[in-house]
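Top to bottom, those sequences are chains A and B. Residues 255 to 546 (the numbering used here) are what the first sequence spells out, left to right. Residues 255 to 546 (the numbering used here) are what the second sequence spells out, left to right. Beta carbons are placed, not taken as given, at the ideal position from N, Cα and C, and that holds for glycine. Remember, predicted model here, so these are calculated numbers, not experimental data.
Protein chains: 2
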Amino acid sequence: MPEDTGNHDLAPGVLTEYLDEDSGIFVRSAHQFERFRSPYQSVEVHDTRPFGKLFRLDGHFMTSEKDEFFYHENLVHVAAMAHPAPESALIVGGGDGGSAEELLKYPTMKSVTLVEIDLAVIDIARKYFADIHRGALSDPRLKLSVEDGLGFVRATNESFDLIVLDLTDPGGPSEPLYGSDFYRACAARLNPSGAMTLHVASPIAHPERIRKGIANLRAAFAVVVPYLTSIPLYGGLWMMACASSTLNPSYLTSLEADRRIATRRIRDLQYYNGDVHRASFALPNFVRELVA
Amino acid sequence: MPEDTGNHDLAPGVLTEYLDEDSGIFVRSAHQFERFRSPYQSVEVHDTRPFGKLFRLDGHFMTSEKDEFFYHENLVHVAAMAHPAPESALIVGGGDGGSAEELLKYPTMKSVTLVEIDLAVIDIARKYFADIHRGALSDPRLKLSVEDGLGFVRATNESFDLIVLDLTDPGGPSEPLYGSDFYRACAARLNPSGAMTLHVASPIAHPERIRKGIANLRAAFAVVVPYLTSIPLYGGLWMMACASSTLNPSYLTSLEADRRIATRRIRDLQYYNGDVHRASFALPNFVRELVA
Numbered sequence: 255m256p257e258d259t260g261n262h263d264l265a266p267g268v269l270t271e272y273l274d275e276d277s278g279i280f281v282r283s284a285h286q287f288e289r290f291r292s293p294y295q296s297v298e299v300h301d302t303r304p305f306g307k308l309f310r311l312d313g314h315f316m317t318s319e320k321d322e323f324f325y326h327e328n329l330v331h332v333a334a335m336a337h338p339a340p341e342s343a344l345i346v347g348g349g350d351g352g353s354a355e356e357l358l359k360y361p362t363m364k365s366v367t368l369v370e371i372d373l374a375v376i377d378i379a380r381k382y383f384a385d386i387h388r389g390a391l392s393d394p395r396l397k398l399s400v401e402d403g404l405g406f407v408r409a410t411n412e413s414f415d416l417i418v419l420d421l422t423d424p425g426g427p428s429e430p431l432y433g434s435d436f437y438r439a440c441a442a443r444l445n446p447s448g449a450m451t452l453h454v455a456s457p458i459a460h461p462e463r464i465r466k467g468i469a470n471l472r473a474a475f476a477v478v479v480p481y482l483t484s485i486p487l488y489g490g491l492w493m494m495a496c497a498s499s500t501l502n503p504s505y506l507t508s509l510e511a512d513r514r515i516a517t518r519r520i521r522d523l524q525y526y527n528g529d530v531h532r533a534s535f536a537l538p539n540f541v542r543e544l545v546a
Numbered sequence: 255m256p257e258d259t260g261n262h263d264l265a266p267g268v269l270t271e272y273l274d275e276d277s278g279i280f281v282r283s284a285h286q287f288e289r290f291r292s293p294y295q296s297v298e299v300h301d302t303r304p305f306g307k308l309f310r311l312d313g314h315f316m317t318s319e320k321d322e323f324f325y326h327e328n329l330v331h332v333a334a335m336a337h338p339a340p341e342s343a344l345i346v347g348g349g350d351g352g353s354a355e356e357l358l359k360y361p362t363m364k365s366v367t368l369v370e371i372d373l374a375v376i377d378i379a380r381k382y383f384a385d386i387h388r389g390a391l392s393d394p395r396l397k398l399s400v401e402d403g404l405g406f407v408r409a410t411n412e413s414f415d416l417i418v419l420d421l422t423d424p425g426g427p428s429e430p431l432y433g434s435d436f437y438r439a440c441a442a443r444l445n446p447s448g449a450m451t452l453h454v455a456s457p458i459a460h461p462e463r464i465r466k467g468i469a470n471l472r473a474a475f476a477v478v479v480p481y482l483t484s485i486p487l488y489g490g491l492w493m494m495a496c497a498s499s500t501l502n503p504s505y506l507t508s509l510e511a512d513r514r515i516a517t518r519r520i521r522d523l524q525y526y527n528g529d530v531h532r533a534s535f536a537l538p539n540f541v542r543e544l545v546a
């Protein structure tokens, strides 16, 4: 398990996220609310002007009040809007509740199971990030399970319409959740028209993680659709992917996505709309080469 | 004129670009090739691992070997591909030659006029950034003019199919080139089916610059089409715009853009393709509100 990397900050109070050894992004901390080690990782909460409250695990930026919608909306809605009527979802990780909140916007959604290995993450979310989970962590449709995601997926008999991998980057406790074995276990827990969605890496800073991640997904799923979004807190352009045996979200037209947003009464979207849905699948030439 | 802001770097050798007062991006300098003041601005060239050679003016990141294509391809081709047959272009700024290189890829292009106020920028490009201009600065179709862009546009009788504003951010010597007076002067120098293209600002860090920039453009042009791209060296999501009295690049389909790339034999595109062309115009909800 990596040590607390907070001391790699460029200067005291300058929270630093490296994209590679020599570049990255930084945010000044105006106040440190929390800094402790859970049984799994170092946990920090800071107040910042550009991002509001900001959450770090093992020194890495996880989410923030002001930019969480870039990540959570794009992680969830591309697959969920393409699904004809999602009723059940599994989130692996995502203890901040942001993905749960997006999934619970769907009127057809009956049950969201959130499997988070670290209770400290959920406690921190309840205490500091009400603007991210917005009550999702107390929603009666949410089943919280504090355990290892790999163990849960292998042991469960349940199946799901959507699986959302809302994980820390590989290298920490989530490392086993980036392999094709785990992806196959997830594929086995999806309903026939179901889909898994996950973030992959930066196509600029992490080309090898993209190649390997997409290859691992293709070893487990018949349909793997990479897509792009922009996440300020992660340093810009970021690849996500939707994986399924049947569902291809790139077949959903802009018009139909907008129609579904309306008929499903999905509210409070700061990023996602029908145009954005379609645009997500447009890959620049250098990204096409990475996923070819 | 602002002083050299290089000393605002977070630490010695940590080149820092602020998006706002409290956040931004950084790149470690492996070697400083140049650092001097021209008559207009401070000029620096560094070697960096993530970006290759990197160019700063007044302490701000301008361009780099490895990510210049994000900026120059998206700045030029969205408008140029939509134009039926561009024969003449004016670049205001752009002394690095990157925009000229993209414009000179068009087989119909007969003349590109590059008006750069600072000879030092052109000298630096010739000395260090051959991989950006790739010979464009010596192309017989290029007319170099070292003078003030505002004065040039007001004085010239020429008209152009494309005008590219390839400027430093407002605040430095380019400040007068962000107002509606200058935009009207540009509009008067465009041929009837011509278009002007420019970068605007970060929709995340600079919402007011977006609002004001789009309003200034709308005061001068009948058709103003904002679009988005991702520029690593500027910190991620970035707004550009195409302004014209008649040409709307969002009407160009993905298929037709790809057909034109092929028939015009546009080579060496690392980013731009037909899908990317269409996707550029998809604005997230929070950006739609900014430009409404």
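Q: Label glycine 389 of chain A either buried or exposed according to how many other C-beta atoms from any shown protein chain fall within 10 Å of its C-beta, with 16 as the threshold for buried.
A: Exposed: under 16 other Cβ atoms inside 10 Å.
Q: Return helix, strand or coil for phenylalanine 324 of chain B, following the three-state DSSP convention.
A: It is helical.
**Q.** Test: glutamine 524 of chain A CB closer than 8 Å to a CB of chain B
**A.** Glutamine 524 of chain A counts as touching chain B.
Q.
Please confirm whether serine 504 of chain B has its beta-carbon closer than 8 Å to some beta-carbon of chain A.
A. It does not; no Cβ of chain A falls within 8 Å.
(Q) So alanine 265 of chain B contacts chain A; which residues on that side make the cut at Cβ distance below 8 Å? (A) The contacting residues are Leu264, Ala265.
Q: For the region 413–430 of chain B and the region 340–358 of chain B, state whether three or more C-beta atom pairs, one from each stretch, are separated by less than 8 Å.
A: These segments touch.
Q: Give a yes or no on whether the minimum CB-CB distance between alanine 455 of chain A and chain B is below 8 Å.
A: With 8 Å as the cut-off, alanine 455 of chain A does not count as an interface residue toward chain B.
Q) Is the CB-CB distance between aspartate 276 of chain A and threonine 367 of chain B below 8 Å? A) Cβ distance not < 8 Å, so aspartate 276 of chain A and threonine 367 of chain B don't count as in contact.
**Q.** Exposed unless 16 or more other CB atoms sit within 10 angstroms - verdict on glutamate 257 of chain B
**A.** Unreliable placement is indicated for glutamate 257 of chain B, whose pLDDT of 41 sits below 50; no coordinate value is reported for it.
Q. Chain A beta carbons: is any one of them nearer than 8 Å to that of leucine 491 of chain B?
A. The beta-carbon of leucine 491 of chain B is placed less than 8 Å from the nearest beta-carbon of chain A.
Q | Residue of B:Tyr488, B:Phe535, B:Arg518 minimising C-alpha distance to aspartate 274 of chain B | A | When only C-alpha atoms are compared, the closest one is B:Tyr488.
Q) glutamate 370 of chain B: which of B:Gln295, B:His314, B:Ala449 sits nearest, CA to CA? A) For the residues B:Gln295, B:His314, B:Ala449, the minimum Cα distance to glutamate 370 of chain B belongs to B:Gln295.
(Q) Comparing C-alpha positions only, which one of B:Arg282, B:Ala333, B:Ser283, B:Asn328 sits nearest to glycine 448 of chain B? (A) Nearest neighbour of glycine 448 of chain B by Cα position, chosen from B:Arg282, B:Ala333, B:Ser283, B:Asn328, turns out to be B:Ala333.
Q) Would a C-beta distance cut-off of 8 Å place valine 297 of chain A and isoleucine 376 of chain A closer than the cut-off? A) Against a cut-off of 8 Å, the Cβ pair of isoleucine 376 of chain A and valine 297 of chain A comes out as no contact.
Q. Is it true that the region 345–363 of chain B meets the region 388–406 of chain B, where meeting means three or more beta-carbon pairs spaced less than 8 Å apart?
A. The way I'd put it, the region 345–363 of chain B does touch the region 388–406 of chain B; three or more beta-carbon pairs between them come closer than 8 Å.
Q) Does DSSP classify alanine 516 of chain A as helix, strand or coil? A) Helix.
Q.
For a cutoff of 8 Å on Cβ pairs, would you count glycine 536 of chain A as touching chain B?
A. One point to set straight first is that residue 536 of chain A is alanine, not glycine, in the sequence displayed. Closer than 8 Å to some Cβ of chain B, the Cβ of alanine 536 of chain A qualifies, so yes.
Q | CB contact flag (methionine 494 of chain B, tyrosine 505 of chain B, <8 Å) | A | It is not a contact, given that the beta carbons lie outside the stated cut-off.
Q.
DSSP has proline 424 of chain B in a bridge; who is on the other side?
A. Note: proline 424 of chain B is bridge-paired with B:Gly426 in the DSSP secondary-structure output.
**Q.** DSSP-derived helix/strand/coil call for arginine 465 of chain B
**A.** DSSP places arginine 465 of chain B in helix when its eight states are reduced to three.
Q: Can you have a look at histidine 460 of chain A and say buried or exposed, based on whether 16 or more other CB atoms are within 10 angstroms of its CB?
A: Buried, because 16 or more other Cβ atoms sit within 10 Å of the Cβ of histidine 460 of chain A.
Q: For asparagine 199 of chain B, count neighbouring C-beta atoms within 10 Å of its own C-beta (all shown protein chains included) and say buried if the count is 16 or more, exposed if not.
A: Within the shown structure, residues of chain B are numbered from 255 to 546, placing residue 199 of chain B beyond reach of any answer.
(Q) What I want to know is whether the C-beta of proline 293 of chain B ends up closer than 7 Å to one or more non-hydrogen atoms of the ligand MN. (A) What this structure holds is no ligand at all, so the ligand MN is not there to describe.
Q: Go to isoleucine 378 of chain A, then tell me how far its alpha helix (DSSP H) extends in each direction, as first and last residue.
A: Where isoleucine 378 of chain A is concerned, the enclosing alpha helix (DSSP H) stretches over 373–382.
(Q) Does phenylalanine 540 of chain A come out as helix, strand or coil in the three-state DSSP assignment? (A) Looking at phenylalanine 540 of chain A - three-state DSSP - the assignment turns out to be helix.
Q: Tell me whether lysine 381 of chain B is buried or exposed, calling it buried when 16 or more other Cβ atoms sit within 10 Å of its Cβ.
A: It is exposed - the Cβ of lysine 381 of chain B has fewer than 16 other Cβ atoms within 10 Å.
Q.
Using C-beta distances below 6 Å, list every residue in its chain close to threonine 383 of chain B, excluding the 5 sequence neighbours before and after it, in chain order.
A. Correcting the residue identity first, residue 383 of chain B is phenylalanine in this sequence and not threonine. Asp350.
Q.
Below 9 Å on C-beta distance, what does arginine 282 of chain B contact in chain A?
A. Taking a Cβ-Cβ threshold of 9 Å, the residues of chain A close to arginine 282 of chain B are Glu275, Asp276, Ser277, in chain order.
Q. So, arginine 518 of chain A versus proline 361 of chain A, is the Cβ gap smaller than 8 Å?
A. With a cutoff of 8 Å on beta-carbon distance, arginine 518 of chain A and proline 361 of chain A are scored as near each other.
Q. Can you tell me whether proline 427 of chain B is buried or exposed, with buried defined as 16 or more other CB within 10 angstroms of its CB?
A. With 16 or more Cβ atoms within 10 Å of its Cβ, proline 427 of chain B is classed as buried.
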